[in-house]
Amino acid sequence: MAAKIITLTTDFGTGSPYVAEMKASVLSINRDAVVVDITHAIRPQDVRQAALVLETVTPRFPTGTIHLGVIDPGVGSDRALVCARIADHDYVVPDNGLLSLVTRRCPPQQVVKLQDTNYWNPSVANTFHGRDIMAPVAAHLSRGVPPSLLGPPHAQLVDLPWPEPERRGDLILGTVLHIDTFGNLITNLQQSDLQNMDPAAWEVSCCGQTCRAWVACYAEAAPQTLVALFGSSNRLEIAVTNGNAAQQLEAHDGDAVHLRPRGSPT
Amino acid sequence: MAAKIITLTTDFGTGSPYVAEMKASVLSINRDAVVVDITHAIRPQDVRQAALVLETVTPRFPTGTIHLGVIDPGVGSDRALVCARIADHDYVVPDNGLLSLVTRRCPPQQVVKLQDTNYWNPSVANTFHGRDIMAPVAAHLSRGVPPSLLGPPHAQLVDLPWPEPERRGDLILGTVLHIDTFGNLITNLQQSDLQNMDPAAWEVSCCGQTCRAWVACYAEAAPQTLVALFGSSNRLEIAVTNGNAAQQLEAHDGDAVHLRPRGSPT
Amino acid sequence: MAAKIITLTTDFGTGSPYVAEMKASVLSINRDAVVVDITHAIRPQDVRQAALVLETVTPRFPTGTIHLGVIDPGVGSDRALVCARIADHDYVVPDNGLLSLVTRRCPPQQVVKLQDTNYWNPSVANTFHGRDIMAPVAAHLSRGVPPSLLGPPHAQLVDLPWPEPERRGDLILGTVLHIDTFGNLITNLQQSDLQNMDPAAWEVSCCGQTCRAWVACYAEAAPQTLVALFGSSNRLEIAVTNGNAAQQLEAHDGDAVHLRPRGSPT
Chain C
9 MAAKIITLTT DFGTGSPYVA EMKASVLSIN RDAVVVDITH AIRPQDVRQA
59 ALVLETVTPR FPTGTIHLGV IDPGVGSDRA LVCARIADHD YVVPDNGLLS
109 LVTRRCPPQQ VVKLQDTNYW NPSVANTFHG RDIMAPVAAH LSRGVPPSLL
159 GPPHAQLVDL PWPEPERRGD LILGTVLHID TFGNLITNLQ QSDLQNMDPA
209 AWEVSCCGQT CRAWVACYAE AAPQTLVALF GSSNRLEIAV TNGNAAQQLE
259 AHDGDAVHLR PRGSPT
Chain H
9 MAAKIITLTT DFGTGSPYVA EMKASVLSIN RDAVVVDITH AIRPQDVRQA
59 ALVLETVTPR FPTGTIHLGV IDPGVGSDRA LVCARIADHD YVVPDNGLLS
109 LVTRRCPPQQ VVKLQDTNYW NPSVANTFHG RDIMAPVAAH LSRGVPPSLL
159 GPPHAQLVDL PWPEPERRGD LILGTVLHID TFGNLITNLQ QSDLQNMDPA
209 AWEVSCCGQT CRAWVACYAE AAPQTLVALF GSSNRLEIAV TNGNAAQQLE
259 AHDGDAVHLR PRGSPT
Chain A
9 MAAKIITLTT DFGTGSPYVA EMKASVLSIN RDAVVVDITH AIRPQDVRQA
59 ALVLETVTPR FPTGTIHLGV IDPGVGSDRA LVCARIADHD YVVPDNGLLS
109 LVTRRCPPQQ VVKLQDTNYW NPSVANTFHG RDIMAPVAAH LSRGVPPSLL
159 GPPHAQLVDL PWPEPERRGD LILGTVLHID TFGNLITNLQ QSDLQNMDPA
209 AWEVSCCGQT CRAWVACYAE AAPQTLVALF GSSNRLEIAV TNGNAAQQLE
259 AHDGDAVHLR PRGSPT
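Protein chains in written order, with my numbering: chain C, 9 to 274; chain H, 9 to 274; chain A, 9 to 274.
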């Protein structure tokens, strides 16, 4: 059997030794697991940012991969911990909305509540279920334990509301979901939101500035040009060639993005 | 034989390519070693911060794990490099106090001085013994070389003084040892320092502010409440629910923490 | 056959989930690859900084290692992607100068242009060839695909000009190439540039300050002393013992370094 992959997504902070404590839990149970960091730079307690990362990154791993998501401000409270099988991946997470976007792509095949303490660390700290419950459960899954042994079915996952693209007269209104490490603004707009029209028919603006061009790749425009494009996750991105759009526009998550038919009065 | 785990703790900085130079040394000798980063975000030359990380994290790995600790301001000087077996883990470190806290949990079973150059890189830079001595030694250990071959016994490890909890009249005085990535203040106080009294009998204060409550987990209090709790390493922590205690209190490592019997005059 | 090592060097930013998207591409094709991060903290689009890292770090890995370098401001444009075999390592990179320093050590044995789409992801985003072309190609190489199958020979790699040490009368003029995470200034001067003279015969200065001493290791001088030494990559470094030379000198990449015969008039 090929070694199983276990991914980690947390808000522990890059460089935090808490990540290694989780890896110690995993490797104590399955030394052959292939452990891959997705990111530990989620803003503290920012479930929404992590939900977007999980939706963007996890489907790229092979089926059978196990994904740990530990953004868990409710640790120790009565929030549930679950294992959800979605598109043949297993997600081990607190049920706080982390899977809101993953489940829009694909409904869960199976969701169980983590309840059987045989699959947990012998001693469980109230403040670190990532280390003492979720990591050991992921390790047991990677050794072939089926989700059904982990606990009873869990009826309904928490689903966070999400800003949806909106039509207003001639305009399409979108939202900046995320700013990446290059300062690119990743929005909630996809090709399908453009009403089967050529993107070039739309003028894109954000924070009072209008993109000079639609491009297929960053280098298509001269350096420092504000451009719009569909990026590597198929979302509309606003970028500055060889520059930082977020800094130039002073943009933030949640800012509005406007698409206006080119040539229409402003 | 199961693959051996080698952990890395350094002050090289997250993102520093020096870490990969050490991994290259390890993998050149043992490609099957499972290499795990504990942290590279130790403040430059801060042996004490690293000593606390080693004490908190390393015992969670399986016995037989090899731990590299490269916080080595004395590199190239006459400070010794050692391999210390403690609780069936092997620590490969400069003898500068890095093991001061690990050895308080458990005295060393064996300590040798790294001396046999057969287990080092063929060429050794004066400024990077982590890459040219410690990493190759760890790799050889992971292939089954016994510590006794690495060099002669080393008599006495450097032991750094550490702030101890103190009793002053009715008060218990402690110290902030570390601020984690969430801004939680991790102190040198443990349950056993509370004189068999219910924690709730004590009022905890730091930097002139008093914790509103003792909790079992962060979410037990309303957001932005200053709370005290015993955290995942069994130490008294001061935290702000969904917030950052260090920022709110302007707290730093070394700050005093006071425990006063609840209801006593201030 | 021993598992192959694949290293990653990018400007994605520490903590960026884009790195994990590349790892997902690799592991989907070869789950046994040993993936090692060199750094993701290259400044955005800074090909020169990455070229120096590749030259310093990659030769330390075993022969047969595959190195991915994804600093790719021209992604999606007509810049070539190549696989270059150099000193029995395989480099998979955009042809934009990333290998300028590696090839000065050792000329390439073979360079091919990545062209056969059979070794790419089925769907290729215009803005992320690291994920969709270079990572899959590296994974196929790690499974034994020979470079000749990837595409036709590529005639000439882009070679960036690089500041060379310069002689001016009695002086030797060098340049700061890089500032490491400790604040040490790494220069373009090597032992061989010192005209077979004892380093102690030269006085080293930068940003208007003169090093107090030449040392063999940082700890040889008292704390906070400005010193010169040949560092772990055999380059002349300017450092402050237990301090940060870059901060103290307000030094930057590209700053001039002067070597003057000791005792000569300034």
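Glycine included, each C-beta is placed from N, C-alpha and C at the ideal position.
- With respect to the 8 Å criterion, P171 (chain C) and Y226 (chain H) are not classified as neighbours on the basis of their beta carbons.
- Cβ neighbours of H186 (chain A) within its own chain (closer than 7 Å, five residues either side excluded): Q57, L60, I194, D261.
- When secondary structure is reduced to three states using DSSP, P67 (chain A) falls in the helix class.
- DSSP links D45 (chain A) through a beta bridge to A:L16.
- Boundaries of the beta strand (DSSP E) harbouring E245 (chain C): 243-248, taken from the DSSP string.
- By the Cβ rule, the region 24-34 of chain A does not count as touching the region 243-259 of chain H, because fewer than three pairs are nearer than 8 Å.
- Runs of the beta strand (DSSP E) lying entirely within the region 211-240 of chain A, each at least 3 residues long, are 234-238 in chain order.
- Under the 10 Å beta carbon count, P115 (chain C) is surrounded by fewer than 16 other beta carbons and is classified as exposed.
- Interface with chain A (8 Å Cβ-Cβ cutoff): I187 (chain C) is excluded.
- Counting along the chain, T111 (chain H) sits inside the alpha helix (DSSP H) bounded by residues 110-113.
- No Cβ of chain C is located within less than 8 Å of the beta carbon of G191 (chain A).
- Shown here for N38 (chain A): same chain residues with a beta carbon closer than 6 Å to its own, the five before and five after excluded, namely A147, S150, R151 in chain order.
- Sorting C:V100, C:D263, C:Q232 by C-alpha distance to the C-alpha of T249 (chain C) places C:Q232 at the top.
- Per DSSP, L35 (chain H) lies in no beta strand (DSSP E) segment; the continuous alpha helix (DSSP H) that holds it begins and ends at 26-37.
- Taken through DSSP and simplified to helix, strand or coil, Q123 (chain C) comes out as coil.
- Across the region 220-238 of chain A, no CB contact with chain C closer than 7 Å is found for any residue.
- L267 (chain A) sits close to W210 (chain A), with the two beta carbons spaced by under 8 Å.
- Judged by DSSP secondary structure, V90 (chain A) falls within the beta strand (DSSP E) whose first and last residues are 89-94.
- With the rule of 3 Cβ pairs closer than 8 Å, the region 87-98 of chain H counts as touching the region 117-137 of chain H.
- Contacts with chain C at 8 Å (Cβ-Cβ) do not include A147 (chain H).
- Contact check for T18 (chain C) against G138 (chain C) passes: the beta carbons are separated by less than 8 Å.
- Put simply, the region 95-114 of chain A touches the region 150-169 of chain A. At least three CB pairs are less than 8 Å apart.
- Cβ-Cβ distances below 7 Å link I46 (chain A) to T15, L16, T17, V61, V65 in the same chain, with the five nearest sequence neighbours on each side left out; the list follows chain order.
- DSSP places G182 (chain A) within a strand segment (E or B) once states are collapsed to three.
- Look at P144 (chain H) here: in three-state DSSP terms it is helix.
- Identification of residues in the region 43-61 of chain C having a C-beta nearer than 8 Å to some C-beta of chain A yields V44, D45, I46, T47, H48, A49, V61, given in sequence order.
- In its chain, beyond the 5 residues on either side, D178 have a beta carbon closer than 7 Å to the beta carbon of S272 (chain C).
- Taken through DSSP and simplified to helix, strand or coil, R139 (chain C) comes out as helix.
- Within the same chain, and ignoring the five residues on either side of Q217 (chain A) in sequence, the residues whose Cβ sits closer than 7 Å to its Cβ are L234, L257.
- The three-state reading of DSSP puts L168 (chain H) in coil, since its state is none of H, G, I, E or B.
- For P160 (chain A), the number of other beta carbons within 10 angstroms of its own is below 16, and it is reported as exposed.
- Residues of the same chain with a CB within less than 8 Å of the CB of N242 (chain H), apart from the 5 flanking positions on each side, are Q198, Q199 in chain order.
- For A264 (chain C), the enclosing beta strand (DSSP E) has its first and last residue at 264-269.
- Apart from the 5 residues on each side of it in sequence, E245 (chain A) sits with its Cβ closer than 8 Å to the Cβ of N192, L193, I194, T195, A236, L237, F238, G239 in its chain, given in chain order.
- Within chain H, V65, R68 have C-beta atoms less than 7 Å from the C-beta of E29 (chain C), given in sequence order.
- As computed with DSSP, H97 (chain A) is found in a beta bridge with A:I94.
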